[in-house]
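Top to bottom, those sequences are chains A and B.
Convert by adding 25 to the 1-based position in the first sequence; the result is the number in this note's numbering.
Convert by adding 25 to the 1-based position in the second sequence; the result is the number in this note's numbering.
Just so it is clear, CB atoms sit at the ideal spot from N, CA and C, and this is done for glycine as well.
Predicted, not measured: the structure shown is a model, and the values here were computed from it.
In what follows, a single structure is set out as structure tokens and then discussed.
Number of protein chains: 2
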Amino acid sequence: MSEAASTDGPLFPASEGTFFRSRWVQAPDGVEQLDPARLAPGFRAGAAACGIKGGGEKDVGVIVCDAEGVSSALLLTRNASAAAPVRVCREHCDGAAIRAAVVNSGNANAATGEQGIKDALAMQQRAAEDLGLEASAVAVAETGAIGVPLPIQHVLEGIPQAGAMLSPEGGAQFAEAIMTTDRGPKQCSLRCDGVTVSAQAKGAGMIEPGFATMLCFVQTNGEIAKPEGALRSAVEGSFERISVDGQMSTNDTVLLQSSGEAGKSTPEGLLDAVLLQLALEVVADGEGATRVCRVEVRDAAKPAEAEEVARAIGNSPLVKTALFGRDPNWGRISQAAGQALAGEELPELGPDRIDAKELAGDEAEPELSVRLGRGKASAHLYFSDLNHEYIRINAEYTT
Amino acid sequence: MSEAASTDGPLFPASEGTFFRSRWVQAPDGVEQLDPARLAPGFRAGAAACGIKGGGEKDVGVIVCDAEGVSSALLLTRNASAAAPVRVCREHCDGAAIRAAVVNSGNANAATGEQGIKDALAMQQRAAEDLGLEASAVAVAETGAIGVPLPIQHVLEGIPQAGAMLSPEGGAQFAEAIMTTDRGPKQCSLRCDGVTVSAQAKGAGMIEPGFATMLCFVQTNGEIAKPEGALRSAVEGSFERISVDGQMSTNDTVLLQSSGEAGKSTPEGLLDAVLLQLALEVVADGEGATRVCRVEVRDAAKPAEAEEVARAIGNSPLVKTALFGRDPNWGRISQAAGQALAGEELPELGPDRIDAKELAGDEAEPELSVRLGRGKASAHLYFSDLNHEYIRINAEYTT
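Rendered as structure tokens:
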């Protein structure tokens, strides 16, 4: 059964018959797309508008796994100014057995002091009571403005309202409830060899994760032998490979839940493909983004060096404006690589070592490659362009 | 004798009676300003238009110290993709006894292969012949587009033309000849206790020096006991403290020349003040810049940590757009500091630790301070805002 996918990506045009719309995502054999609102069997989600965002927009979401034998993995931002919900998850969640998550958007509950911690704990407690779970089985995530006290009464009233909406087809309302400056919801539901993976993500700015970006929730009814390792590996190949503006968020959270009720393993590659597609949707929805570039750095002395050069290139405002201006300006790429390797020996990086041709074309997904000539390591990064709209959004989005 | 200063700075309005127009520059007692075109006694400069920039704009400059007993110091970029003139200076200049410099603007002669090295050597040789000096006594500097072959014949013809214009009042034409996207020339000539320091600088984009930024030439007839140490110290407090876009140039060069003919030491603090003023003019002339912010990071565990946090803040596009938008958005500052300290223990950075009030005002030079609460080290950085004009310049300035 294959139903029409309704997910909107601003850059990647829907190819016929497949959910994976970027040329960089490899779909596993036999994958079929389901209605993106349909969660993996055994999961339910709901959402409500509690008034943080205003205008009746959904801003509280709840997602729950009905199977008691859930296994889970939770990755959290490494930012030293981590938000209250991140701190609460670190200290009060059993990362291996998370049954549910409660989320609000419009307020990050970051840099909100002791009150912020109390508020995040209250959210966790209210959701746990409402769902009949232990508090440690509920993850809390929040996203939005930093440093603004959370209107906790509104959120506490919203949680049971979202709980009342819980449904196996609740993925769409949940994806909507976690949006901030996103141009659209990011979600999918895919089935392969009888196992479903559904996922919802949000993110548009403050994107350069230490390991994850902003919020992403992934559900499967397949078994995953080592959820933490599987999630870490999938995130390393997806959310850790994107940068909108080089800024690591205070709230990054990725939650994987597996009910195991399908009685078989989640097919290899499916989790990786889903996360990469959603990560690409996040970078493509980078604030103001009109293009996403994949830079591949080869022949580095070691992997960390390749990574550093790739990030120096992807985060250079000169390269990002050249991407916007369709300018195959390899000189700026040479400069950025040379800065990352300051003080090191480097062969001259000219057009024989830098292929920047695709920057000039009309392709929404150009590729760029650099050969450093120092060894055999490589790394890649997906980054968006820097343009007037980014300035407009961030100069006008005031506290 | 105090003559009118004609230097134009886009942000710092001229205060009456003093050259130092930023509140951040401390003028030494008894300093008097001379015509900024007047070089320190014993120095001459000249310039010509050789056709690189076109439109009759000056693009070749020569500066020379007539005293055989010159002492000098030369600081060069650490960028691993250093330009040909930087490589030539490293290998073929006697840094301690540089009598002259030859410069062109409009072409950086960077990433230009073996031919670029030959061209830079040819410039050095031609200037040396023209001035009757050893080649090793002539520094070469270039600035402009990267990866474009230098029109060497034009430059070689321009060098004797610039040499024919050599004059003790040649500072202004020389400052003009080194400009690229600069809004105006950056130069000064100051006298204190009978010793003159004159200087010319350029720079507007690709500004976050490893130790220096773009090009700066400084002359004095005073004695400087340890030119390299004095220059390094002055640069650490000036050009190393600014960032326009976080990008270390391939061509950064700072040359200090001292004739010693005044028979007394260059007054303490004068060199530091001159370089800080010029560095502030460079960041104030950052591409599109409308404001310059000074961020002070205090109470860090060690100096390198303070420095890292200051740079994370000053280079964050979210902070830079907030500076443009007059938004005292301390949340973005908290996030940037937390990213720089990822994985470390950090007290919550809220409004009690971040003073961002001045971002909201009309002041062209707002100050920002952050107390990390981790130790006693501190660091500061001057950075410009990020706005539409930066995008326009860099998306349209194609190769």
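Quiz item: Do you know offhand how far I338(A)'s Cα is from A259(B)'s?
Solution: Stepping through the first sequence from its first residue, residue 338(A) is reached at position 313. Stepping through the second sequence from its first residue, residue 259(B) is reached at position 234. About 30 Å.
* Asked: Would you say A166(B) reaches chain A, if we count a Cβ-Cβ gap shorter than 8 Å as a contact?
  -> In the second sequence, residue 166(B) corresponds to position 141, counting from 1. With 8 Å as the cut-off, A166(B) does not count as an interface residue toward chain A.
*Helix, strand or coil for D155(A) per DSSP?*
Here the question's residue 155(A) lines up with position 130 in the first sequence. Helix, per DSSP.
Inset, instruction - For G131(A), count neighbouring C-beta atoms within 10 Å of its own C-beta (all shown protein chains included) and say buried if the count is 16 or more, exposed if not. - result: Stepping through the first sequence from its first residue, residue 131(A) is reached at position 106. Buried is the call here.
| message | Within 8 Å of any Cβ in chain A, is that where the Cβ of N412(B) sits? | response | Here the question's residue 412(B) lines up with position 387 in the second sequence. Closer than 8 Å: yes.
Let me know the alpha helix (DSSP H) ranges lying completely inside the segment 266-354 of chain A, each 4 residues or longer, listed in chain order. 295-309, 328-339, 342-349
CB-CB length for A304(A) against S268(A), believed under 8 Å: To locate residue 304(A), count along the first sequence from 1; it is residue 279. To locate residue 268(A), count along the first sequence from 1; it is residue 243. Contact doesn't hold; Cβ gap of about 11 Å is too wide.
Quiz item: What does R103(B) touch in chain A if you count any residue whose Cβ is under 8 Å from its own?
Solution: Counting from 1 along the second sequence, the entry for residue 103(B) is found at position 78. Going along chain A in sequence order, the residues near R103(B) (Cβ under 8 Å) are A367, G368.
Worksheet item: Tell me which same chain residues have a C-beta within less than 8 Å of the C-beta of A385(A), skipping the five on either side of it?
Response: What you label residue 385(A) is simply residue 360 of the first sequence in a count that begins at 1. Same-chain partners within the cutoff: R351, D352, P353.
* **Reduced DSSP category for Q150(B) - H, G, I as helix; E, B as strand; rest coil** => For the purposes of this step, residue 150(B) is identified with residue 125 of the second sequence, where counting begins at 1. Reduced to three states, the DSSP call for Q150(B) is helix.
Do you know how far the Cα of K227(A) is from the Cα of C241(A)? Numbered from its first residue, the first sequence carries residue 241(A) at position 216. Numbered from its first residue, the first sequence carries residue 227(A) at position 202. Roughly 7 Å between the two C-alpha positions.
Handout entry: Stretch-stretch touch, CB-based, cutoff 8 Å, three pairs: the segment 268-285 of chain B with the segment 375-385 of chain B
Key = no
**Report entry** Between the CA atoms of Q149(B) and V165(B) - distance to the nearest angstrom
**Finding:** Walking along the second sequence from the start, residue 165(B) turns up at place 140. Walking along the second sequence from the start, residue 149(B) turns up at place 124. Going from the Cα of V165(B) to the Cα of Q149(B) covers about 6 Å.
message = Does the CB of S130(B) have a neighbour CB from chain A at under 8 Å?
response = For the purposes of this step, residue 130(B) is taken as residue 105 along the second sequence, with counting starting at 1. Chain A contact via Cβ: absent.
- Message: Would A147(A) and T275(A) be called neighbours here (beta carbons separated by less than 8 Å)?
- Response: As a working note, residue 147(A) is residue 122 in the first sequence. As a working note, residue 275(A) is residue 250 in the first sequence. Taking 8 Å as the Cβ cut-off, A147(A) and T275(A) do not qualify as a contacting pair.
- Does the segment 300-318 of chain A come close enough to the segment 405-424 of chain A to have 3 or more Cβ pairs within less than 8 Å? yes
**Item:** Touch test, the segment 108-126 of chain A against the segment 78-97 of chain A, Cβ-Cβ under 8 Å, three pairs minimum
**Value:** yes
- Message: For the alpha helix (DSSP H) containing A197(A), name the first residue and the last one.
- Response: Indexing the first sequence from 1 puts residue 197(A) at position 172. A197(A) -> alpha helix (DSSP H) spans 196-202.
Neighbourhood of G196(B) by C-beta distance below 7 Å, restricted to the same chain and skipping five residues each side | In the second sequence, residue 196(B) corresponds to position 171, counting from 1. These residues qualify, in order along the chain: P61, A62, R63, L64, A70, Q212, S214, S223, Q225.
Worksheet entry | Beta carbon proximity, G356(A) to chain B, threshold 8 Å | What you label residue 356(A) is simply residue 331 of the first sequence in a count that begins at 1. Cβ-Cβ to chain B under 8 Å: yes for G356(A).
message: Going residue by residue through the segment 61-103 of chain A, where are the continuous beta strand (DSSP E) segments of at least 3 residues, counting only ones entirely within it?
response: 68-73, 85-90, 96-101
- Message: Quick check: what's the CA-CA separation for R216(B) versus K289(B)?
- Response: Position 191 of the second sequence, counted from the first residue, corresponds to residue 216(B). Position 264 of the second sequence, counted from the first residue, corresponds to residue 289(B). If I take the Cα positions, the gap works out to 13 Å.
Q: From the DSSP output, in three-state form, read off I249(A) for me.
A: Position 224 of the first sequence, counted from the first residue, corresponds to residue 249(A). Coil.
Item to check | Interface positions of the segment 85-99 of chain B facing chain A (Cβ-Cβ less than 8 Å), listed along the chain | outcome: none
Mind listing the chain A neighbours of D270(B)? Cutoff is C-beta to C-beta under 7 Å, in chain order.
Along the second sequence, one-based indexing puts residue 270(B) at 245. Residues of chain A passing the Cβ test: P342, L343.
Notebook entry, point to check: At a Cβ cut of 9 Å, what residues of the segment 144-177 of chain A count as close to chain B, listed as they run along the chain?
Noted result: A170, I171, G172, V173
Requested in this report: State the start and end residues of the unbroken alpha helix (DSSP H) segment that holds L181(B).
Outcome: By one-based count along the second sequence, residue 181(B) stands at place 156. Note, L181(B): alpha helix (DSSP H), 177-189.
Taking all protein chains shown into account, do 16 or more other C-beta atoms lie within 10 angstroms of the C-beta of A121(A), making it buried, or fewer, making it exposed?
In the first sequence, the residue the question calls residue 121(A) occupies position 96. Exposed, because fewer than 16 other Cβ atoms sit within 10 Å of the Cβ of A121(A).
- prompt: In the DSSP assignment, what residue or residues form a beta bridge with A226(B)?
  reply: Reading the second sequence from its first residue, position 201 is the one you call residue 226(B). BP columns for A226(B) point to K211(B), C241(B).
Exercise. Just how far apart, CA to CA, sit M273(B) and I177(A)?
Worked result: Position 248 of the second sequence, counted from the start, is the residue given in the question as residue 273(B). Position 152 of the first sequence, counted from the start, is the residue given in the question as residue 177(A). Straight-line Cα distance between these residues: approximately 46 Å.
key: Contacts around W355(A), its chain only, beta-carbon distance under 7 Å, and the 5 residues preceding and following it disregarded   = For the purposes of this step, residue 355(A) is identified with residue 330 of the first sequence, where counting begins at 1. The answer, listed in chain order, is P376, I379, A381.
ask   = Measuring CB to CB, does S403(B) end up less than 8 Å from V322(B)?
value = Reading the second sequence from its first residue, position 378 is the one you call residue 403(B). Reading the second sequence from its first residue, position 297 is the one you call residue 322(B). Against a cut-off of 8 Å, the Cβ pair of V322(B) and S403(B) comes out as a contact.
Should D277(B) and L101(B) be called a contact, given that it needs their Cβ atoms to be closer than 8 Å?
Mapped onto the second sequence, residue 277(B) falls at position 252. Mapped onto the second sequence, residue 101(B) falls at position 76. Cβ atoms of D277(B) and L101(B): closer than 8 Å.
For a quick check, are the C-beta atoms of H117(B) and A160(B) less than 8 Å apart? Taking the second sequence and counting its residues from 1, one reaches residue 117(B) at position 92. Taking the second sequence and counting its residues from 1, one reaches residue 160(B) at position 135. Yes, the Cβ-Cβ distance between H117(B) and A160(B) is below 8 Å.
My parser needs the beta strand (DSSP E) runs of 3 or more residues fully inside the segment 110-139 of chain A; what are they? 125-132
As a quick exercise: from L374(B), N104(B), L175(B), N129(B), pick the residue whose alpha carbon is nearest that of Q198(B).
Residue numbering aside, residue 198(B) sits at position 173 when the second sequence is read from its first letter. Minimum Cα distance to Q198(B) is reached at N129(B).
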